[in-house]
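Residue numbers (the UniProt record's numbering): 1 to 308.
To start, the structure itself, in structure tokens.
Below, the structure written as structure tokens:
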């Protein structure tokens with residue numbers, strides 16, 4: 001029978017269209033056409049630093065998988081203004097040993113268009129072993145099993161704007177290699193799901209602006225926990241507002257501005273609270289914004305001179 005066959009592959013790596021014949025664990029040839037919209041087709045988690053580019057589906061989700069076998073992330077465009085679209089790069093790193101303050105598996109998702117303002121729903125994947133390694137050194141644990149409600153409530157996503165080392169191929173993806181704004185996302189506990197069939201955690205959340213993503217827990221070891229950072233045009237000026245949930249030895253917020261997201265200039269600074277466990281609000285006025293698009297980020301300088 002034409003266009004039918006056994007569910008087994010031979011030595012050809014690609015089909016007639018040039019696509020990988022094994023996509024997310026399924027055969028992609030003849031009667032067996034795989035799709036990059038379903039992560040439940042048998043793909044395993046990426047086990048080392050990997051990167052993949054794909055065109056984001058205009059409707060529904062896109063699954064990003066290296067070699068179409070190692071699952072990295074799933075992204076769906078949301079929002080009525082600027083849903084994520086076009087070419088998107090998804091990267092994952094898995095540290096050899098447990099880092100201080102975040103899970104050893106961490107991610108970066110970066111669209112070629114409107115990276116700072118595109119909206120999407122992201123799903124990231126983790127193993128229980130990775131959560132266990134984090135819990136061995138953390139004061140507040142991540143879920144120890146599928147029914148651990150307290151661990152789910154502790155879970156946070158740290159979002160660091162931009163690209164690690166400006167997108168260099170050998171970038172490490174570590175937190176201090178990002179120069180954009182830092183914020184913390186608290187996913188809905190119902191969106192922190194243990195997939196027993198594939199033995200993995202699946203964490204979904206909405207974002208505006210793409211970046212590096214790190215899983216940590218509430219009260220994680222960050223000198224400044226940034227809740228939000230917004231820029232609003234008011235007439236001829238731009239008002240910047242940001243809020244912190246906690247600060248430890250913080251000294252100064254430096255405001256940086258760019259027209260293209262690559263070259264940044266310092267335009268002012270605001271004194272920080274040094275140490276606080278309360279929500280604090282800050283503001284700064286850009287009295288002379290650039291013509292056209294203006295991008296902003298914060299550089300947070302600690303009392304010891306280090307910064308993020």
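Cβ atoms here follow ideal geometry from the backbone N, Cα and C, with glycine treated the same way.
No experiment lies behind these values; they were computed from the predicted model shown.
Query, Result
"Rounded straight-line distance, which links the Cα of residue 235 to that of residue 109", "33 Å"
"Option nearest residue 92 by Cα separation, candidates 135, 101, 273 and 71", "71"
"Residue 52 - partner residues in DSSP beta bridges", "90"
"C-beta atoms of residue 152 and residue 185 nearer than 8 Å", "no"
"At least three beta-carbon pairs within less than 8 Å, the segment 238-248 to the segment 287-302", "yes"
"Endpoints, beta strand (DSSP E) assigned at residue 239", "237-247"
"Neighbourhood of residue 247 by C-beta, 8 Å cutoff - its chain only, sequence neighbours within 5 removed", "223, 224, 225, 272, 273, 274, 275, 276 and 280"
"In DSSP terms, what residue 281 is bridged to", "243"
"Buried/exposed call for residue 188, threshold 16 Cβ in 10 Å", "exposed"
"Which listed residue (291, 96, 283 and 79) has its alpha carbon closest to that of residue 174", "96"
"Distance, residue 127 Cα to residue 135 Cα", "13 Å"
"Inter-residue Cα distance where the pair is residue 294 and residue 254", "16 Å"
"Limits of the beta strand (DSSP E) - the one that residue 216 falls within", "211-217"
"Sequence-distant residues of the same chain with beta carbon closer than 6 Å to residue 245, five excluded per side", "225, 227 and 279"
"CB of residue 74 within 8 Å of CB of residue 61, strictly", "yes"
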